[in-house]
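Worksheet: the structure to be examined is printed underneath.
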Amino acid sequence: MRMLAAIVDNYRRELANLGRQFVELRAGLHHAMILTRLQTRLLRPGLAQLTDPDPPSPSTLRTAARNYQRALDHHTQKAGFAA
Numbered sequence: 011m012r013m014l015a016a017i018v019d020n021y022r023r024e025l026a027n028l029g030r031q032f033v034e035l036r037a038g039l040h041h042a043m044i045l046t047r048l049q050t051r052l053l054r055p056g057l058a059q060l061t062d063p064d065p066p067s068p069s070t071l072r073t074a075a076r077n078y079q080r081a082l083d084h085h086t087q088k089a090g091f092a093a
């Protein structure tokens, strides 16, 4: 009877480990799906707006990027880092 109990305990531990691995795998897949959606819906269109040499219309993202670049240029010149 003890041997049977030991076998059952061993299988219980193995099942618990498999359950934990499954939960970790599921969480990893969920994160991968979120990052893929983020790249598809946000990063790709945003980078396209920023890098388009002839944009069809003014973009708030492009304007913000231009203002950010001007501010960086101003601060680097003020600090003496600009060439």
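In the working numbering, the protein residues as written are 11 to 93. C-beta atoms are modelled at their ideal positions from N, C-alpha and C, and glycine is treated no differently. In this text, all values refer to a predicted model and were calculated from it rather than measured experimentally.
From ASN77 to HIS41, what does the alpha carbon distance come to, in whole angstroms? Working through the sequence shown from its first residue, we reach residue 77 at position 67. Working through the sequence shown from its first residue, we reach residue 41 at position 31. Between ASN77 and HIS41, the alpha-carbon positions lie close to 33 Å from each other.
By the DSSP assignment, the alpha helix (DSSP H) with GLN49 in it spans what residues? Residue mapping note: residue 49 aligns to position 39 of the sequence shown, counting from 1. Counting along the chain, GLN49 falls outside any alpha helix (DSSP H), and DSSP gives it neither H nor E.
What residues in its chain sit with their C-beta under 6 Å from that of GLN59, if we drop five residues either side in the sequence? As a first step, residue 59 must be located in the sequence shown, where it is residue number 49. Excluding sequence neighbours, GLN59 sits near SER69, LEU71, ARG72.
Rounded to the nearest angstrom, what separates ASN20 and GLY38 at their Cα positions? In the sequence shown, counting from the first residue as 1, residue 20 sits at position 10. In the sequence shown, counting from the first residue as 1, residue 38 sits at position 28. If I take the Cα positions, the gap works out to 27 Å.
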